[in-house]
Amino acid sequence: MAQEASSSTSSKTISLKTGDGEIFEIEASAAKQMKTVQRLIDDLGDDITIPLHNVFSKELPKIIEYYKKDITGEITKDFEAEFVKDLNDDEVKVLFLAANYLDANKLFEFLSQNIADRLESKSVEYVRKYFGVENDFTPEEESKLREERAWSFRGIKEDE
Amino acid sequence: MNSLGRILEFGYYSILLYSIFNSILNKEKKKSIEESSAAIFSDDLMVEIVSWLPVKYVMQLRCVNKFFNTLVFDPHFIQMHLSKSTQNLQLSFTSFENNSADFTKSEDWDSRWITLSIPDLLLQNTVTISHLSDSYYRLSRSPHYRWVIGSCNGLLCVYGNSWPDQYLYFWNPAMRKESKRIPLFFDIYINRNFDFSFGYDNSTQTYKVVAFYVELNSDSNPKSVVKVFSLGDNSWRDVQCLPLVPLYCLLGINDFHNEGMHFNGTINWFALDDINLDRSAAALDRCVILSLDLSTETYTKLLLPRGLDKVPAGYPPNLVVLMDCLGFCHDFDKTHFVIWQMKDFGVQESWLQLFKISYENFARENLLPLYLSENGDTLVLGNDRHREAFIYNCRDNKVEKIKIADRTNWELGNYYVESLVSTD
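These protein sequence lines are chains D and W, in that order.
If you're matching positions, the first sequence starts at 33 in the working numbering and goes up one per residue.
If you're matching positions, the second sequence starts at 1248 in the working numbering and goes up one per residue.
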């Protein structure tokens, strides 16, 4: 997305305050990509420190790093791969939820795909825990379903 | 500013902030701010993630709980999943393998439905073929004969023949679901000039299969019987007869590449505009595209580009869908291969000659364009008679041959994407 910086926001930085009280600076053009932040700026002005109650100092810098690259048009597949390489599944989850809260569309979409990729190789039990959902099937129901869909659980190796 | 003023100002801003915040929260249904923990997903967020998964994994996750089990039937989710799945465009083929010593008997050929990933081919230069060894995807195995008529949004329509029954059915191979058999209203061995086409009617959101046969009598005008079956119906419906006879019927070609081409809610065939013309001598300037609108179930005749008087119709052109436009390809003088594109459907002035490629790089005729990249730079072509495929780079006029399959013969199909579209 090409960013058209208006003269009033071209070199402006916005202060963001995390839920645990730390303050971070981002460029106004990067803030524009996070719709929640931009709405707060529109309502409160860009001189005030924008409070983000549900984003914390662990994840905000990473998000800022992503959008720093985005405004210079440098986001590539390699950058994205590198970006999540050292994150475990729970760290990505936190980042994803933060991106959702911030309405940061591009990061949200990228992380959705990344989480989907990670879940491909995981068991049904893992996914339940990860999503925080309860199994509301009886044991009989579940084993019947698994039997019906046995083919989807098999790892079929394809020859060329 | 005195301290009282500051306190009041702070108080004012806090209240303002709080109320703005609250209204933002209430407006955004897609966000879920859990007071207790940030690590819990709302339904919407889980659905967003799962919509990126290949169908096989979505099916696995149906065992997670009841919500996930029934999610695959939710029309909104099916649409969401489909729109993401279209990024993984595939080409579908039928692969044939002969299991006996006698190569001439068609009954001894097994066939199987396979797919080739286009992103893998173009972006990673790898040939990724799926289902080549999976027996579930087998089509024909003597004495049962089957072929794929068409593919639309992840749903396939299949013709089946288990003597004496001839039927059609719908198949979602990714979900491994098949519909019940729909008996055919004629016998393809008796009425040999027939066609089956499969498409989607946007206006009623229905998948439809069109079947017809033509009786060509030398003494009278051709007669056609045309019927449509809509997914969800119980029987075939009569529609208007063909106003023109499709070209390939007249030429006596029983080549699957000349069947009706589905494009954006229409089915299209080449046809001569006058049945009384000498079909072997006619040129393309006497042809039109006969187009059946799946929503109105009526026909229109689309004009071809001007200036095709030197191109013989007897060496039939093929309709193709490239870059979301209907087009066709034809041979020129046996030296070049030409591809046309109709930029605006139905508008004769919008025909554009996309390519005129010399055969010298291919040393082969009977090419069929399979896919054109969005930027128009890379063209994938195939020739199934010789089991070859090529990647043609338009910028530097370079051709790269791709090896598809070793032992088997294959027949080109159409585009395919995985989906959760139901078979009933």
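Idealized CB from N, CA, C, for every residue including glycine.
Quantities reported herein were computed from a predicted structural model and do not represent experimental measurements.
How should R1253 of chain W be labelled, buried or exposed, when 16 other C-beta atoms within 10 angstroms of its C-beta is the threshold for buried? Residue mapping note: residue 1253 of chain W aligns to position 6 of the second sequence, counting from 1. R1253 of chain W is exposed by the Cβ-count criterion.
Same chain, Cβ closer than 7 Å to F111 of chain D, five either side skipped, listed in chain order: Residue 111 of chain D sits at position 79 when you count from the first residue of the first sequence. Correct list, in chain order: K101.
Quick one: does E1425 of chain W have its CB under 8 Å from some CB of chain D? Start at 1 with the first residue of the second sequence, and residue 1425 of chain W comes out as number 178. So no, E1425 of chain W is outside the interface.
How long is the line joining the alpha carbons of V1646 of chain W and N1613 of chain W, rounded to whole angstroms? As a working note, residue 1646 of chain W is residue 399 in the second sequence. As a working note, residue 1613 of chain W is residue 366 in the second sequence. One C-alpha to the other measures close to 16 Å.
Roughly how many angstroms separate the alpha carbons of I1280 of chain W and T1670 of chain W, rounded to a whole number? As a first step, residue 1280 of chain W is located in the second sequence; it is residue number 33 there, counting from the start. As a first step, residue 1670 of chain W is located in the second sequence; it is residue number 423 there, counting from the start. With a pLDDT of 38 at I1280 of chain W, under the threshold of 50, the modelled position of this residue cannot be trusted; read the value that follows with caution. C-alpha separation (whole angstroms): 38 Å.
Return the chain-ordered ranges of every beta strand (DSSP E) run that is complete within the stretch 1579 to 1621 of chain W and spans a minimum of 3 residues. 1583 to 1589, 1598 to 1605, 1615 to 1619
Can you find a C-beta in chain W that's less than 8 Å from the C-beta of F115 of chain D? Here residue 115 of chain D refers to the residue found at position 83 of the first sequence. No, no contact with chain W.
If you check the beta carbons only, do F1584 of chain W and I1604 of chain W fall under 8 Å apart? Sequence index remark: in the second sequence, residue 1584 of chain W carries index 337 (1-based). Sequence index remark: in the second sequence, residue 1604 of chain W carries index 357 (1-based). Yes, Cβ-Cβ distance for F1584 of chain W and I1604 of chain W is below 8 Å.
Rounded to whole angstroms, what is the Cα-Cα separation between L1667 of chain W and K1581 of chain W? For the purposes of this step, residue 1667 of chain W is identified with residue 420 of the second sequence, where counting begins at 1. For the purposes of this step, residue 1581 of chain W is identified with residue 334 of the second sequence, where counting begins at 1. Taking the straight line joining both Cα atoms gives about 44 Å.
Mind checking whether W1356 of chain W and F1343 of chain W have CB atoms under 8 Å apart? Residue 1356 of chain W sits at position 109 when you count from the first residue of the second sequence. Residue 1343 of chain W sits at position 96 when you count from the first residue of the second sequence. Contact: yes.
Flag this pair as yes or no: are the beta carbons of V1475 of chain W and V1461 of chain W separated by less than 8 Å? Counted from its first residue, the second sequence places residue 1475 of chain W at position 228. Counted from its first residue, the second sequence places residue 1461 of chain W at position 214. Result no, Cβ atoms of V1475 of chain W and V1461 of chain W do not sit closer than 8 Å.
Of all Cβ atoms in chain D, is any one closer than 8 Å to the Cβ of V1311 of chain W? If you number the second sequence from 1, residue 1311 of chain W lands on position 64. Yes, V1311 of chain W lies at the interface with chain D (some Cβ there is under 8 Å from its Cβ).
Give the interface partners of S144 of chain D over in chain W, defined as CB-CB distance under 9 Å, in chain order. Taking the first sequence and counting its residues from 1, the one referred to as residue 144 of chain D is at position 112. Result: L1292, E1295, I1296, S1298, W1299.
Am I right that A136 of chain D and V87 of chain D are in contact with their C-beta atoms under 8 Å? What's the rounded C-beta distance? What you label residue 136 of chain D is simply residue 104 of the first sequence in a count that begins at 1. What you label residue 87 of chain D is simply residue 55 of the first sequence in a count that begins at 1. At roughly 10 Å, the Cβ-Cβ gap does not stay under 8 Å, so A136 of chain D and V87 of chain D are not in contact.
In chain order, what residues of the same chain lie with their CB nearer than 7 Å to the CB of L1308 of chain W, ignoring the 5 residues before and after it? Working through the second sequence from its first residue, we reach residue 1308 of chain W at position 61. Closer than 7 Å at the Cβ level, and outside the excluded window around L1308 of chain W, lie V1297, F1315.
Does the beta carbon of L1308 of chain W come closer than 8 Å to any beta carbon on chain D? On the second sequence, position 61 is the one that residue 1308 of chain W refers to. Yes - at least one Cβ of chain D is within 8 Å of the one on L1308 of chain W.
Here's the rule: buried if 16 or more other CB atoms are within 10 angstroms of the residue's CB, otherwise exposed. What is L139 of chain D? Along the first sequence, one-based indexing puts residue 139 of chain D at 107. Looking at its Cβ environment, which holds 16 or more other Cβ atoms inside 10 Å, L139 of chain D is buried.
Please tell me whether R150 of chain D and D121 of chain D are closer than 8 Å, where the distance is taken between their beta carbons. Here residue 150 of chain D refers to the residue found at position 118 of the first sequence. Here residue 121 of chain D refers to the residue found at position 89 of the first sequence. Yes, the Cβ-Cβ distance between R150 of chain D and D121 of chain D is below 8 Å.
Over the uninterrupted alpha helix (DSSP H) stretch that includes M1327 of chain W, give me the two end residues. Start at 1 with the first residue of the second sequence, and residue 1327 of chain W comes out as number 80. Run containing M1327 of chain W: 1322 to 1332, per the alpha helix (DSSP H) assignment.
Do you know offhand how far E1425 of chain W's Cα is from K1455 of chain W's? On the second sequence, residue 1425 of chain W is found 178 positions in, with the first residue counted as 1. On the second sequence, residue 1455 of chain W is found 208 positions in, with the first residue counted as 1. E1425 of chain W and K1455 of chain W: Cα-Cα distance of roughly 16 Å.
Could you tell me whether the Cβ of D1671 of chain W comes closer than 8 Å to any Cβ of chain D? One-based indexing of the second sequence puts residue 1671 of chain W at position 424. So no, D1671 of chain W is outside the interface.
Whole-angstrom distance between D1521 of chain W and T108 of chain D, CA atom to CA atom: One-based indexing of the first sequence puts residue 108 of chain D at position 76. One-based indexing of the second sequence puts residue 1521 of chain W at position 274. Looking at the two C-alpha atoms, the distance is approximately 56 Å.
Do T1341 of chain W and W1299 of chain W have their CB atoms nearer than 8 Å? Working through the second sequence from its first residue, we reach residue 1341 of chain W at position 94. Working through the second sequence from its first residue, we reach residue 1299 of chain W at position 52. Contact flag unset, no.
E1281 of chain W - DSSP class collapsed to helix/strand/coil: What you label residue 1281 of chain W is simply residue 34 of the second sequence in a count that begins at 1. Because the pLDDT of E1281 of chain W is 38, which lies under 50, any placement of that residue in the model is unreliable, and the question is left without a value.
Applying a beta-carbon distance threshold of less than 7 Å, which residues of chain D neighbour F1288 of chain W? Walking along the second sequence from the start, residue 1288 of chain W turns up at place 41. Under the 7 Å cutoff, chain D gives F163, G164.
Where W1360 of chain W sits in the DSSP three-state scheme: Residue mapping note: residue 1360 of chain W aligns to position 113 of the second sequence, counting from 1. In this structure, W1360 of chain W counts as strand in the three-state DSSP scheme.
I think F1609 of chain W touches P1564 of chain W, with their Cβ atoms under 8 Å apart; what is that distance to the nearest whole Å? In the second sequence, counting from the first residue as 1, residue 1609 of chain W sits at position 362. In the second sequence, counting from the first residue as 1, residue 1564 of chain W sits at position 317. Not really, about 18 Å apart at Cβ, beyond 8 Å.
For Y1662 of chain W, which of W:Q1326, W:S1380, W:R1642, W:V1627 has the nearest alpha-carbon? Counted from its first residue, the second sequence places residue 1662 of chain W at position 415. Looking at the Cα atoms, W:V1627 is the closest of the given residues.
Compare the Cα-Cα distances from S144 of chain D to each of D:F163, D:Y158, D:L72, D:E157 and report the closest residue. Position 112 of the first sequence, counting from 1, holds the residue named residue 144 of chain D. Minimum Cα distance to S144 of chain D is reached at D:F163.
Taking only beta-carbon positions, decide if N120 of chain D is within less than 8 Å of chain W. Here residue 120 of chain D is taken as the residue at index 88 of the first sequence, counted from 1. Cβ-Cβ to chain W under 8 Å: no for N120 of chain D.
Please look up how many angstroms separate the CB atoms of I82 of chain D and K49 of chain D, rounded, as I've assumed it's under 8 Å. Stepping through the first sequence from its first residue, residue 82 of chain D is reached at position 50. Stepping through the first sequence from its first residue, residue 49 of chain D is reached at position 17. The Cβ separation is near 7 Å, so the contact holds.
Distance check for L1519 of chain W and A1529 of chain W, CA to CA, integer angstroms please. Start at 1 with the first residue of the second sequence, and residue 1529 of chain W comes out as number 282. Start at 1 with the first residue of the second sequence, and residue 1519 of chain W comes out as number 272. Cα to Cα, the separation comes out at about 8 Å.
Could you list the residues in the stretch 1465 to 1492 of chain W with a C-beta less than 9 Å from some C-beta on chain D, going in chain order? none
Could you give the uninterrupted runs of the beta strand (DSSP E) lying entirely in the stretch 60 to 105 of chain D, keeping only those of 3 residues or more? 82 to 84
Flag this pair as yes or no: are the beta carbons of L1688 of chain W and L1531 of chain W separated by less than 8 Å? No answer is possible for residue 1688 of chain W: it lies beyond the span of chain W, which begins at 1248 and ends at 1671.
Are the C-beta of Y1304 of chain W and some C-beta of chain D separated by less than 8 Å? Numbered from its first residue, the second sequence carries residue 1304 of chain W at position 57. Yes, contact with chain D.
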